[in-house]
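So the sequence shown is numbered by full-length UniProt numbering: it starts at 1 and just counts up by one. Think of the CB as a built atom: it goes at the ideal place given N, C-alpha and C, for glycine as much as any other residue.
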Amino acid sequence: MNAQAEVLRAAADLVAAFARNDREAYFGAFTHDASFVFYTLPQPLLSRDAYQALWDSWRRDEGFEVLSCTSSNAFVSLQGDVAIFIHDVATELRMNGEQFHSQERETIVFKRQGSGAEQQGLWLACHEHLSAMPEGLPPH
């Protein structure tokens, strides 16, 4: 499998784990020092542990549950052992008993792990940036 296909597979696995609320698989797709920028939060999360703690508090305190997550318009830019993955993402989730639907654009930066043959093809996300989709703009 070539590097672009490997990154697309890693991204698809990450999105699928999120969509099915698989906490272990989802956070296992990120490096420990991954950073996260979400437009819905007042500040970045600067580690996987920080995001996991927030996720756990959402589940415990607000009944957070992902109902669906669909990726489209995927694009991969390979930069050596780093890959930039961009896509549009449609998410349905439940918080505090209410359903929410969002249309967002996301960038996930993946880094190839290790250098030996056994690590070849293992890409983990090291940064995620989520943005709201622009509304009211003419199509390009």
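I think residue i touches residue j, with their Cβ atoms under 8 Å apart; what is that distance to the nearest whole Å?
{"i": "Glu65", "j": "Leu93", "result": "6 Å"}
If distances are taken between C-alpha atoms only, which option among the options comes closest to residue i?
{"i": "Asp88", "options": "Ala12, Phe27, Ala29", "result": "Ala12"}
{"i": "Phe85", "options": "Gln113, Phe27, Val109", "result": "Val109"}
{"i": "Leu78", "options": "Trp123, Phe38, Gly63, Glu98", "result": "Trp123"}
{"i": "Glu24", "options": "Ala132, Asp81, Met133, Arg48", "result": "Arg48"}
{"i": "Phe36", "options": "Leu46, Gly28, Phe27, Ala29", "result": "Leu46"}
{"i": "Gly114", "options": "Leu14, Pro44, Val82", "result": "Val82"}
{"i": "Cys126", "options": "Ala34, Ser68, Tyr26", "result": "Ala34"}
{"i": "His129", "options": "Gln43, Phe38, Thr91, Gly80", "result": "Phe38"}
Who pairs with residue i in a beta bridge, going by DSSP?
{"i": "Met95", "result": "Glu98"}
Do three or more CB pairs link the stretch 74-89 to the stretch 1-14 at distances below 8 Å?
-> yes
Pairing CB atoms from the stretch 96-106 with CB atoms from the stretch 41-54, are three or more of them under 8 Å?
-> no
Run through the UniProt domain "SnoaL-like" (9-133) for me and flag every whole beta strand (DSSP E) of 3 or more residues, listed as ranges in chain order.
-> Within the UniProt domain "SnoaL-like" (9-133), the complete beta strand (DSSP E) runs of at least 3 residues are 30-38, 65-79, 82-95, 98-112, 123-132.
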